[in-house]
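Quick note: the sequence shown uses the working numbering, first residue 36, plus one each step.
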Amino acid sequence: MTAAPVVAGRGLFVTLEGGEGAGKSSLLRGLANALTSVGRDVVATREPGGTPEGEALRHLLLDAAPGAWEPMSEVLLHYAARAQHVARVICPALARGAVVLCDRFADSTMAYQGYGLGVAREAIAAVHRAVLGGFRPNLTVVLDVPVELGLARATRARGPDRYESNTTSFHQRVRQGFLAIAQADPERCIVVDATRPVDEVLHAVLRLLVDRLGLPRPACIG
Ligand code: Z5A
């Protein structure tokens, strides 16, 4: 589906997506610094989380043993956290003109619970419509790395966690899911080769934000 982005207010909503260890958190920090340096009001946030209630749900989800939650329960918990996040943090920030940078959003539910765990994709889309209507990001950056490289980076950084202890085929399905989502929605999504060094990825994404969204050009990209 390639409908025009639905946004609240004058701000810009940019989401970072991809598998574990793709470099989303590192990129988010770099983008926030660069955009703040050119005078933009930046809100950096994440999912699951972003509000006190969402962070509590994050613990319920990520601290549970693998398989503890039914896949559809995971969908509903992620959307409970997301409804809170959109209403309390994202929309108010967009309304005052901020750039909201979000580490994971709805595409993660489609990729992990849909492509990865096998929840019907139409059911997830229906939950999205019921909870958020047509609300979607202006731009989604999908950081793509081979599964083995991403897991090695993530495990080096913080040890294995819940989804990291899943099978390689699960992570392959998640990766293919993100690529399929991006291919189906090229106006919103851009796939970035995240095997490159951190600064190269950052500069490539900053150029995209300047070109696609008309954000001011930070000095670091010349
Ligand atoms: N989840 C879900 O199932 N459904 C949903 O709807 C949502 C989420 C919203 C959230 O975990 C989990 O929830 C996630 C999906 C699921 N699954 N897991 N596990 P999280 O937020 O805690 O984990 P994550 O998003 O996967 O973060 P991560 O593994 O830390 O990856 P990252 O943020 O993409 O990477 P990073 O922290 O920037 O970098 C990791 C390490 O790699 C670090 O040492 C960096 O210095 C290094 N790095 C980063 N980029 C590079 C490059 N370019 N070169 C070399 N080294 C690099």
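Even for Gly, the Cβ is constructed at its ideal location relative to N, Cα and C.
Check: What's the gap between the Cα of Thr37 and the Cα of Leu184?; Outcome: Caution applies to Thr37, whose pLDDT of 35 falls short of 50 and renders its modelled position unreliable; the model cannot decide the point.
Check: So does the region 118-135 actually touch the region 164-171, counting three or more Cβ pairs closer than 8 Å?; Outcome: yes
Check: What would DSSP say about Arg45, mapped onto helix, strand or coil?; Outcome: coil
Check: Is Tyr147 near the ligand Z5A - that is, is its Cβ less than 7 Å away from at least one heavy atom of it?; Outcome: yes
Check: With Arg81 as the anchor, note down where its beta strand (DSSP E) starts and where it stops.; Outcome: 77-81
Check: Where Thr203 and Arg131 are concerned, what is the direct C-alpha to C-alpha distance, given to the nearest angstrom?; Outcome: 42 Å
Check: What is the rounded straight-line gap between the Cα of Cys224 and the Cα of Ala146?; Outcome: 14 Å
Check: CA-CA distance, Leu62 and Asn68?; Outcome: 10 Å
Check: Quickly, what does DSSP pair Gly53 with across the bridge? List them, please.; Outcome: Leu178
Check: With C-beta atoms as the reference, is Gly54 less than 8 Å away from Val180?; Outcome: yes
Check: Pick out the complete alpha helix (DSSP H) segments inside the region 75-139, 4 residues or longer, and give them in chain order.; Outcome: 87-97, 106-120, 126-130
Check: Which value, in whole angstroms, describes the spacing of the CA atoms of Ala158 and Leu96?; Outcome: 20 Å
Check: Looking at the secondary structure, which residues open and close the alpha helix (DSSP H) in which Ile216 lies?; Outcome: 203-219
Check: With the cut-off set at 8 Å, would you say Leu66 and Leu241 are in Cβ contact?; Outcome: yes
Check: Would you call the region 150-157 in contact with the region 204-211, where contact means no fewer than 3 C-beta pairs closer than 8 Å?; Outcome: yes
Check: Could you please give me the residues that DSSP links to Cys224 through a beta bridge?; Outcome: Thr175
Check: Would you kindly work out how many angstroms separate the C-alpha atoms of Val77 and Leu136, rounded to a whole number?; Outcome: 7 Å
Check: Taking Val182 as the reference, which of Thr230, Gly85, Leu92, Glu82 has the closest Cα?; Outcome: Thr230
Check: Using C-beta distances below 8 Å, list every residue in its chain close to Val49, excluding the 5 sequence neighbours before and after it, in chain order.; Outcome: Leu66, Val134, Val135, Leu136, Cys137, Pro172, Asn173, Leu174, Thr175, Val176, Leu244, Leu248
Check: At which residues does the alpha helix (DSSP H) containing Ala160 begin and terminate?; Outcome: 156-167
Check: Can you list, in chain order, the residues of its chain with a C-beta nearer than 6 Å to that of Ala217? Leave out the 5 residues immediately preceding and following it.; Outcome: Val177, Cys224, Val226
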